[in-house]
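Residue numbers (our numbering): 48 to 347.
Below is one structure, written out as C-alpha cells; the observations come after it.
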C-alpha cells in the first residue's frame with residue numbers, strides 16, 4: 048500500500064515538474080535581438096518590451112568608432128533572431144562581424160529611409176552617420192525596428208504596434224520640450240563647440256550651430272591648422288562655452304579652453320547612452336539632457 052502511494056506521489060510530482068517546465072517554456076517567449084550600440088538597444092527595448100531579450104554589442108559609455116568585435120560577440124550574433132544596426136557607415140566593423148558569425152537572419156538598418164547629411168568639400172564628402180540626433184529621424188528608426196520585430200515574431204505584432212504608438216507619443220512630447228527649451232536661447236548664442244562632430248542632425252533640426260576639432264569619428268586626428276582655426280573662431284565670435292562629449296578624450300578641449308578663456312559647459316552624450324541611472328540612460332533622456340545642458344551654459 049505504501050509502495051502504491053509512493054508510485055502515485057511520484058507520478059503526481061513528475062506531472063507537476065512537466066507542467067512547470069512547460070509553463071516556463073511558455074513564459075519565456077522572448078526573442079533574442081542584438082543591437083549594435085546602446086542607443087539602438089534602448090529603442091529595441093522600448094518597442095519590444097518583455098517580448099525581447101536585447102544584447103547590445105557596444106554598451107553605455109563605450110565608443111562604437113573604436114570597437115573591436117570578439118569571438119563571444121560573433122557567437123551572440125549567430126544565435127540572434129534579429130540584428131539591428133545603424134548603417135550610414137557608423138559600424139565599420141559590422142560586415143566583418145556578421146560574416147565571422149555566419150549570421151543568416153534578418154538585419155534591420157535603422158537609418159533606412161533617413162535623408163543623410165553630407166559634409167565636406169567636393170571630392171572629399173562624407174556621410175554623417177549620427178542620424179539619431181534628430182527626433183524626426185528617431186521616428187524612422189522606430190518604424191524600422193518595429194517592422195523588423197514583427198517580421199521575425201508575427202505573434203507579437205500587436206504588442207509591437209501598441210508599444211510603438213506609445214513610444215511615438217513620448218517622442219512627440221520630448222520634441223515639444225526640446226523646441227520650447229531651445230526657443231529660450233537667443234539666436235546669437237546658438238553656437239557650440241564639441242569634442243567631435245556628432246551633432247549635425249541636431250543642428251539641422253533645431254537651429255544650433257556646432258563646431259568640432261575632430262570629424263565624425265573619434266579616431267580622427269585634427270591638424271594643428273584645424274585647431275588654430277577653431278580657436279580663432281571662438282575668440283572672434285566670443286563663443287562662451289565648449290562641451291565635452293561622453294566618449295571623447297577631453298585633452299584637446301582643455302587646450303582650447305586654456306587658449307580662449309571659454310568655459311567647459313558640461314558633458315553631452317553623442318554616440319552612447321549613460322549607464323543605467325545616469326542622466327542619459329535612454330535615447331529620449333539623452334536628447335533632453337543635451338538640450339538642457341546646452342541652453343543652461345549658453346544662456347548665461
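The beta-carbon is built from N, C-alpha and C at its ideal position, and this holds for glycine as well.
8 Å contact criterion, which residue i and residue j should meet: CB distance rounded
{"i": "residue 252", "j": "residue 181", "result": "4 Å"}
{"i": "residue 207", "j": "residue 95", "result": "7 Å"}
{"i": "residue 119", "j": "residue 138", "result": "Contact doesn't hold; Cβ gap of about 17 Å is too wide."}
{"i": "residue 293", "j": "residue 321", "result": "7 Å"}
{"i": "residue 274", "j": "residue 258", "result": "Not a contact, Cβ separation roughly 11 Å."}
{"i": "residue 245", "j": "residue 318", "result": "6 Å"}
Residue i, DSSP secondary structure in three states
{"i": "residue 74", "result": "Caution is warranted here: a pLDDT of 42 is assigned to residue 74, below 50, making its placement in the model unreliable, and no coordinate value can be reported."}
{"i": "residue 286", "result": "coil"}
{"i": "residue 235", "result": "helix"}
{"i": "residue 291", "result": "strand"}
{"i": "residue 328", "result": "coil"}
{"i": "residue 79", "result": "strand"}
{"i": "residue 272", "result": "helix"}
Range covered by the beta strand (DSSP E) that runs through residue i
{"i": "residue 174", "result": "173-175"}
{"i": "residue 156", "result": "153-156"}
{"i": "residue 313", "result": "310-315"}
{"i": "residue 256", "result": "256-258"}
{"i": "residue 104", "result": "99-105"}
Same chain, Cβ closer than 8 Å to residue i, neighbours up to 5 away in sequence not counted
{"i": "residue 153", "result": "128, 129, 130, 195, 198, 199"}
{"i": "residue 135", "result": "158, 161, 163, 174, 175, 176, 178"}
{"i": "residue 278", "result": "303, 306, 307"}
{"i": "residue 344", "result": "287, 288, 290, 310, 312, 313"}
{"i": "residue 126", "result": "79"}
{"i": "residue 165", "result": "172, 173, 174, 175"}
Residues near residue i in its chain [Cβ-Cβ closer than 6 Å; skip 5 each side]
{"i": "residue 336", "result": "326, 327"}
{"i": "residue 97", "result": "none"}
{"i": "residue 84", "result": "105, 111"}
Host alpha helix (DSSP H) of residue i (start-end)
{"i": "residue 196", "result": "182-199"}
{"i": "residue 305", "result": "298-307"}
{"i": "residue 161", "result": "Neither: residue 161 is in no alpha helix (DSSP H) and is coded neither H nor E."}
{"i": "residue 87", "result": "85-95"}
{"i": "residue 109", "result": "Element bounds for residue 109: n/a, residue is neither H nor E."}
{"i": "residue 249", "result": "247-253"}
{"i": "residue 150", "result": "It is not in any alpha helix (DSSP H) - residue 150 carries neither H nor E in the DSSP assignment."}
{"i": "residue 219", "result": "204-230"}
Close-in-space but distant-in-sequence residues of the same chain around residue i (CB under 7 Å, 5 per side omitted)
{"i": "residue 346", "result": "231, 232, 236"}
{"i": "residue 18", "result": "Because the chain is modelled from 48 through 347, residue 18 falls outside the range shown and cannot be assessed."}
{"i": "residue 91", "result": "80, 82, 99, 101, 131, 192"}
{"i": "residue 103", "result": "82, 84, 85, 88"}
Min CB distance residue i to chain D below 8 Å
{"i": "residue 310", "result": "Going by chain labels, chain D is absent from the structure shown, which holds only one protein chain."}
### Query
What are the complete beta strand (DSSP E) segments, minimum 3 residues, inside the stretch 113-146?
129-132
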